[in-house]
Amino acid sequence: MERTVTIDEKDWRLGYNAYTPIAYKAEFGKDYFQEIIGMFKNHGQLQDILMMAENETFEESNISIEMIADFDMTFFHRLFYIFAKSADPRIGTFEEVFSSMETFPLDVVAKPLMDMLKEGMQTKKKSMTAQMQAMKSLQ
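Numbering follows the UniProt record's numbering, with no gaps: position 53 of the sequence shown is 53.
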């Protein structure tokens, strides 16, 4: 899956693929899924934010201070970078990417990042069904 985000009049391609969680671990030394879950005090907050992304109601006014009280804001930077690197492995280092930006507007990047998080965490029912049917035919 891919998205494009414009920051300071520059288009950034963001991508998610099977290598994204591995690239995250290689780049930052942290488990991708543990980081996602760890960014929220409980799964309810994560679900609330993912639901907002799904319903396209992810706006600053809908986020309570309790949701982000323990939130590491550089997580969005890491997430943006790893998605950008997944789309284009030649983009440069973390430092180079963010040094090239004048701003990093969360109101612009939050929704696409949350959408990609949500889509990346879903399983594809169709492919699972096909795999199960293939396994049954082998028996």
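In this text, a Cβ means the ideal position worked out from N, Cα and C, and glycines have one as well.
Alpha carbon to alpha carbon, how far is residue j from residue i? Give it in angstroms, no decimals.
i: residue 118; j: residue 98; result: 24 Å
i: residue 127; j: residue 1; result: Low confidence applies here, because residue 127 scores a pLDDT of 46, under 50, leaving its location unreliable; read the following figure in that light. Roughly 16 Å between the two C-alpha positions.
i: residue 94; j: residue 74; result: 12 Å
i: residue 85; j: residue 77; result: 12 Å
i: residue 43; j: residue 37; result: Reliability of the predicted coordinates at residue 43 is poor, the pLDDT of 47 falling under 50, and no value is obtained from them.
i: residue 17; j: residue 26; result: 15 Å
i: residue 112; j: residue 5; result: 8 Å
i: residue 81; j: residue 121; result: 18 Å
i: residue 22; j: residue 32; result: 8 Å
i: residue 106; j: residue 114; result: 11 Å
i: residue 92; j: residue 100; result: 10 Å
i: residue 20; j: residue 104; result: 21 Å
Tell me the DSSP secondary structure of residue i in three-state form.
i: residue 95; result: helix
i: residue 121; result: helix
i: residue 35; result: helix
i: residue 107; result: helix
i: residue 89; result: coil
i: residue 116; result: helix
Per DSSP, residue i forms a beta bridge with which residues?
i: residue 3; result: 14
As a quick exercise: from the options, pick the residue whose alpha carbon is nearest that of residue i.
i: residue 11; options: 28, 21, 88 and 20; result: 88
i: residue 110; options: 83, 30, 24 and 18; result: 83
i: residue 90; options: 35, 14 and 21; result: 14
i: residue 30; options: 102, 103 and 79; result: 79
i: residue 163; options: 114, 116, 108 and 115; result: Nothing about residue 163 can be reported from this structure: the residues present for the chain run from 1 to 139 only.
Checklist entry - Which runs of the beta strand (DSSP E) fall wholly inside the segment 7 to 31 and span at least 3 residues, in chain order? => result Within the segment 7 to 31, the complete beta strand (DSSP E) runs of at least 3 residues are 10 to 15.
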